[in-house]
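Novice:
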Amino acid sequence: MSELGRVLLVEDDPRDVELTMTALGEYNLANEVVVARDGQKALDYLYCRGEFGDRSNGNPAVMLLDLKLPKVDGLEVLQQIRSDQRLKLIPVVVLTSSREEKDMIRSYNLGVNAYVVKPVDFHEFVNAIKELGIFWAVINEPPPGSMKKAP
Amino acid sequence: MEWGRAPIRYGFSVACVAIALGLGLACRYYGFLDAELSLFDLAIVVVTWYAGVGPSVLAVVLSTACFDYFFVEPIYSFEVSRAELPYFFLFMGSAVIIAWFVAVRRRIETDLLSTRDQLQAEVEQRRRREEEIRELNKDLAKRARELETSNNELESFAYSVSHDLRAPLRHVVGFSELLQKHASSALDEKSRRYTQTILESAKRMGNLIDDLLAFSRIGRAETKKRLVSLDQLVKEAVAEIGQDTKGRDIVWKIDPLPVCYGDRSMLRLVIVNLLSNAVKFTRMRARAEIEIGYVDGENEVHAFVRDNGAGFDMRYVNKLFGVFQRLHLPEDFEGTGIGLATVRRIIHHHGGEVRAEGAVDQGATFTFSLPKGQVAEERSANTP
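Chains as they are written, first to last, in our numbering: chain A, 65 to 215; chain B, 4 to 387.
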């Protein structure tokens, strides 16, 4: 647990972004979070293009992905990542409000690593985000080539 | 050609014979001998063919008489000379045989004609029926399309409820919590209570949304029906509920229950709902008694859950199973009012019925019926 992985948060709702960042901030996990506000931006980040054209290379240690997104939705992003040789190893956690079986099945079919329904209760939400952050950014050993930095 | 009226038919017979006689006499006058036999036979054929049996007999008799009178020696008398007897009998015999053959032939033709008409009518009828079936099929297909559309709409509605309503709710809860945390020292007692109320209401709304979604899913979900042991379900439900009843004195009286036919997870929801209701509404009893049993019916079993709890007024029994209908104050008994609506929906889905009986402060009994295991098995074995 010596390194902190970079987290890519793909979330369109600013309030959800704020709540998630607050939750991650409580456990000092917020520093290494990059926020993409829609599916297109998320893909831009992963492919180092557009506003992310000059970022240093390397994949995030984990991607927290909302399903309902403007422009390119979460499942399309997921499909794109999984079909690209360079990106397909990125651990992806779907973080969504949808408890629909249909969404879960499609996400798992596309090879998602975890599926988390955002709890309505704030404490549960904070806990869920914390555990996700700690597990994926700290405990889990991401695939080689992911961005990490010493804490 | 069929002539209905007897006088016309008999008149036709007389006329034909008269014409044959006239022609025969004319032939004889101009020297053509022995034409009369054929002419009378022809008259009989025509009469038999067109006028039926009675006129045909008349024609035979008249022809014979005319033949005898005009053409058989001695002429102009009904006597028959011995020499002419064979000729006379030959005529009579041939007349009768011809009439007979023509009558038979005529009957066969009439039968054939009527059979053809019948067949034609049947074909016509079948064509009309096929037309009707086609129309009905078209209607049915249209109805199915409409149903599918409305089902899809319902699904997308449920989806947006699931996704879009939950997000703002999460924000209300989240930011109220943050407000509480950051400003609780600056807030006075009243303001703290306000934020607390906001939080509780939002959470309650979250529960309502979840319950409503689960309720709507019952209608949309595919049911996987198979044999289900009610015993096992009750055991599981009691174990599940038991975790929340620590410290309470509850007497469970559970009779052996039969095997039913249905969707296991749905029936489990029914049992859990009914048992947790029984546990909830017996809370104020020092010693709660909950009985689970069944009554055997002909094709179905009637299982019941009986408690000695708060009960209800039978006047409001119809409201008991409505969505979000509650008969108790939230301070007394918590809940969203969707449990019994869920129970009823599931049981109706299984082709059963739900009944409730009770009295205020004297407990309640909830009975639901389900198809018997073996009956349902036989039924599904019989259907291809």
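Cβ atoms here follow ideal geometry from the backbone N, Cα and C, with glycine treated the same way.
Could you pull the DSSP bridge partners for Tyr319/B from this structure?
Specialist: In the second sequence, counting from the first residue as 1, residue 319/B sits at position 316. BP columns for Tyr319/B are empty, so no partner.
Novice: I'd like to know if Val136/A contacts chain B, where contact means its C-beta is closer than 7 Å to some C-beta of that chain.
Specialist: Here residue 136/A refers to the residue found at position 72 when the first sequence is read from its first residue. No, Val136/A does not count as interfacial toward chain B.
Novice: Along chain A, which residues have their Cβ under 7 Å away from the Cβ of Glu180/B?
Specialist: As a position in the second sequence, residue 180/B is number 177, starting the count at 1. Here the neighbours are Phe186.
Novice: Does the beta carbon of His352/B come closer than 7 Å to any beta carbon on chain A?
Specialist: Your numbering for residue 352/B matches position 349 in the second sequence. For His352/B, the answer is no, since every Cβ of chain A falls outside 7 Å of its Cβ.
Novice: Quick one: does His185/B have its CB under 7 Å from some CB of chain A?
Specialist: Counting from one through the second sequence, the residue named residue 185/B turns up at place 182. No, its Cβ sits nowhere closer than 7 Å to a Cβ of chain A.
Novice: Terminal residues of the continuous beta strand (DSSP E) containing Met127/A?
Specialist: Position 63 of the first sequence, counting from 1, holds the residue named residue 127/A. Per DSSP, the unbroken beta strand (DSSP E) holding Met127/A starts and ends at 126–129.
Novice: Hey, could you find the ends of the beta strand (DSSP E) Val298/B is sitting in?
Specialist: Along the second sequence, read from residue 1 onward, the residue named residue 298/B stands at position 295. Residues 291–299.
Novice: Looking at chain A, which residues of the region 288–318 of chain B have a Cβ within less than 8 Å of any of its Cβ atoms?
Specialist: Result list empty, no residue passes.
Novice: Beta-carbon of Ala217/B versus every beta-carbon of chain A: anything under 7 Å?
Specialist: Your numbering for residue 217/B matches position 214 in the second sequence. It does not: the Cβ of Ala217/B has no partner Cβ on chain A nearer than 7 Å.
Novice: Which residue comes first and which comes last in the beta strand (DSSP E) that contains Gly265/B?
Specialist: As a working mapping, residue 265/B is identified with position 262 in the second sequence. Element bounds for Gly265/B: 262–266.
Novice: For Asp310/B, report the span of its beta strand (DSSP E) as first-last.
Specialist: For this step, residue 310/B is matched to residue 307 along the second sequence. Bounds of the beta strand (DSSP E) holding Asp310/B are 303–310.
Novice: Measure the C-alpha to C-alpha separation of Asn123/A and Leu133/A and round it to an integer number of angstroms.
Specialist: Your numbering for residue 123/A matches position 59 in the first sequence. Your numbering for residue 133/A matches position 69 in the first sequence. Here the alpha carbons of Leu133/A and Asn123/A stand approximately 21 Å from one another.
Novice: Applying a beta-carbon distance threshold of less than 7 Å, which residues of chain A neighbour Arg389/B?
Specialist: Nothing can be reported for residue 389/B: it is not among the residues displayed for chain B, which extend from 4 to 387.
Novice: With burial defined as no fewer than 16 other Cβ atoms inside 10 Å of the residue's Cβ, what is the status of Asn311/B: buried or exposed?
Specialist: Residue numbering aside, residue 311/B sits at position 308 when the second sequence is read from its first letter. It is buried - the Cβ of Asn311/B has at least 16 other Cβ atoms within 10 Å.
Novice: Are Ser432/B and Ala102/B closer than 7 Å when you measure CB to CB?
Specialist: This structure cannot speak to residue 432/B, because chain B is shown only from 4 to 387.
Novice: Are the CB atoms of Val97/A and Val71/A nearer to each other than 7 Å?
Specialist: Your numbering for residue 97/A matches position 33 in the first sequence. Your numbering for residue 71/A matches position 7 in the first sequence. Yes, the pair counts as a contact, with Cβ atoms nearer than the cut-off.
Novice: Would you list the residues sitting across from Phe15/B in a DSSP beta bridge?
Specialist: By 1-based counting over the second sequence, the position of residue 15/B is 12. Partner(s): none; Phe15/B has no beta bridge.
Novice: How big is the Cα-Cα spacing for Ser97/B and Arg132/B?
Specialist: For the purposes of this step, residue 97/B is taken as residue 94 along the second sequence, with counting starting at 1. For the purposes of this step, residue 132/B is taken as residue 129 along the second sequence, with counting starting at 1. In a straight line, the C-alpha of Ser97/B is about 52 Å away from that of Arg132/B.
Novice: Any beta carbon from chain B within less than 7 Å of Arg79/A's own beta carbon?
Specialist: For the purposes of this step, residue 79/A is taken as the residue at position 15 of the first sequence. By this cut-off, Arg79/A is an interface position.
Novice: Applying the criterion that 16 or more other CB atoms from any shown protein chain within 10 Å of the CB defines a buried residue, is Met287/B buried or exposed?
Specialist: Indexing the second sequence from 1 puts residue 287/B at position 284. When all chains shown are included, Met287/B counts as exposed.
Novice: Taking 6 Å as the limit between beta carbons, can you name the residues of its chain near Trp52/B, skipping five residues before and five after?
Specialist: Here residue 52/B is taken as the residue at index 49 of the second sequence, counted from 1. Excluding sequence neighbours, Trp52/B sits near Val105, Arg109.
Novice: Chain A beta carbons: is any one of them nearer than 7 Å to that of Leu172/B?
Specialist: Translated into the one-based positions of the second sequence, residue 172/B becomes position 169. Output row for Leu172/B: interface = yes.
Novice: Assign Ile244/B to one of three DSSP states: helix, strand, or coil.
Specialist: Stepping through the second sequence from its first residue, residue 244/B is reached at position 241. Three-state DSSP puts Ile244/B in a helix.
Novice: Helix, strand or coil: how does DSSP classify Ile22/B here?
Specialist: Position 19 of the second sequence, counting from 1, holds the residue named residue 22/B. Ile22/B: helix per DSSP, three-state reduction.
Novice: Could you give the distance in angstroms between the alpha-carbon of Gln104/A and the alpha-carbon of Leu110/A?
Specialist: By 1-based counting over the first sequence, the position of residue 104/A is 40. By 1-based counting over the first sequence, the position of residue 110/A is 46. One C-alpha to the other measures close to 10 Å.
Novice: Compare the Cα-Cα distances from Ala170/B to each of Glu158/B, Lys206/B, Leu182/B and report the closest residue.
Specialist: Residue 170/B sits at position 167 when you count from the first residue of the second sequence. Checking every option, the nearest Cα to that of Ala170/B belongs to Lys206/B.
Novice: Are there 16 or more other CB atoms within 10 angstroms of the CB of Val141/A, so buried, or fewer, so exposed?
Specialist: Position 77 of the first sequence, counting from 1, holds the residue named residue 141/A. It is buried - the Cβ of Val141/A has at least 16 other Cβ atoms within 10 Å.
Novice: Have a look at Phe91/B and Gly25/B and give me their C-alpha separation to the nearest angstrom.
Specialist: Locating residue 91/B in the second sequence gives position 88, counting from the first residue. Locating residue 25/B in the second sequence gives position 22, counting from the first residue. Straight-line Cα distance between these residues: approximately 19 Å.
Novice: Indicate the three-state DSSP secondary structure (helix, strand or coil) for Thr285/B in the structure shown.
Specialist: Stepping through the second sequence from its first residue, residue 285/B is reached at position 282. It is coil, neither helix nor strand.
Novice: Would DSSP call Asn121/A helix, strand or coil?
Specialist: If you number the first sequence from 1, residue 121/A lands on position 57. Three-state result, Asn121/A: coil.
Novice: Report yes if the C-beta distance between Phe43/B and Ala23/B is below 7 Å; otherwise report no.
Specialist: One-based indexing of the second sequence puts residue 43/B at position 40. One-based indexing of the second sequence puts residue 23/B at position 20. Ala23/B is positioned such that its CB atom lies closer than 7 Å to that of Phe43/B.
Novice: Using 10 angstroms around the beta-carbon of Glu205/A, count the other beta-carbons present and answer buried if the total reaches 16, otherwise exposed.
Specialist: Looking up residue 205/A in the first sequence gives position 141. Exposed, since its Cβ has fewer than 16 Cβ neighbours within 10 Å.
Novice: For Ser232/B, list the residues DSSP reports as bridge partners.
Specialist: The count along the second sequence starts at 1 and reaches residue 232/B at position 229. Answer is Val262/B, bridged to Ser232/B.
Novice: May I have the straight-line CA-CA distance separating Glu75/A from Tyr297/B, to the nearest angstrom?
Specialist: What you label residue 75/A is simply residue 11 of the first sequence in a count that begins at 1. What you label residue 297/B is simply residue 294 of the second sequence in a count that begins at 1. If you take the alpha carbons of Glu75/A and Tyr297/B, they lie about 53 Å apart.
Novice: What did DSSP end up calling Glu158/B once you bin it into helix, strand or coil?
Specialist: To locate residue 158/B, count along the second sequence from 1; it is residue 155. Secondary structure at Glu158/B: helix, using DSSP grouped into helix, strand and coil.
Novice: Should Val176/B and Phe199/A be called a contact, given that it needs their Cβ atoms to be closer than 7 Å?
Specialist: On the second sequence, position 173 is the one that residue 176/B refers to. On the first sequence, position 135 is the one that residue 199/A refers to. Result no, Cβ atoms of Val176/B and Phe199/A do not sit closer than 7 Å.
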